[in-house]
Amino acid sequence: MGRLILEYLDGNRIYVCKKCRIHLTNFQNRISKNFKGGTGQAYLFDLGINYHVGLPVDKDLLTGKHTVQDLMCNGCCEIIGWKYIKAFRESEKYKEGKIIIEKYFIEKIKWK
Ligand SMILES: [Zn+2]
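Here it is, written out as structure tokens:
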């Protein structure tokens, strides 16, 4: 097994994994709060850290067909959201490469 290297983010409002407290993303990277996941409200982020992804799968979502990957926390391996790889509708293309994290799995903390 390789050594787990943890990264840290700048900024003073950080989103951490509720279960293992690892840093996942920050307030500056949050694009939208108007998303829904299996547990309820979910946030769209420009980027995050300390996560890994599963295999790409095609899913029919409320906003049409998308290719997505499960998003897993590097600290506890819990599935916390998903990553958009491809959106089939033109209007949804802005989500490609961005990540969703469900609010249920994260907590906003003050850092520094
Ligand atoms: Zn975790």
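First residue of the sequence shown: 10, per the working numbering; consecutive thereafter.
We put the beta carbon where it would ideally sit given N, CA and C, even for glycine.
| Check | Outcome |
| --- | --- |
| For the beta strand (DSSP E) containing Tyr60, name the first residue and the last one. | 60 to 62 |
| Distance check for Asp19 and Lys92, CA to CA, integer angstroms please. | 22 Å |
| Give, in chain order, every unbroken run of the beta strand (DSSP E) that is at least 3 residues long and sits entirely within the segment 18 to 102. | 22 to 26, 32 to 35, 39 to 46, 49 to 54, 60 to 62, 66 to 70, 73 to 82, 88 to 96 |
| Check the C-beta distance from Leu53 over to Ile118 and give it rounded, since I have them as a contact under 8 Å. | Contact flag wrong, Cβ pair sits at about 20 Å. |
| Pick from His32, Glu99, Tyr17: whose alpha carbon is nearest that of Cys85? | His32 |
| From Val66, Arg30, Arg39, pick the residue whose C-alpha is nearest to that of Asn83; which is it? | Arg30 |
| Would DSSP call Lys112 helix, strand or coil? | helix |
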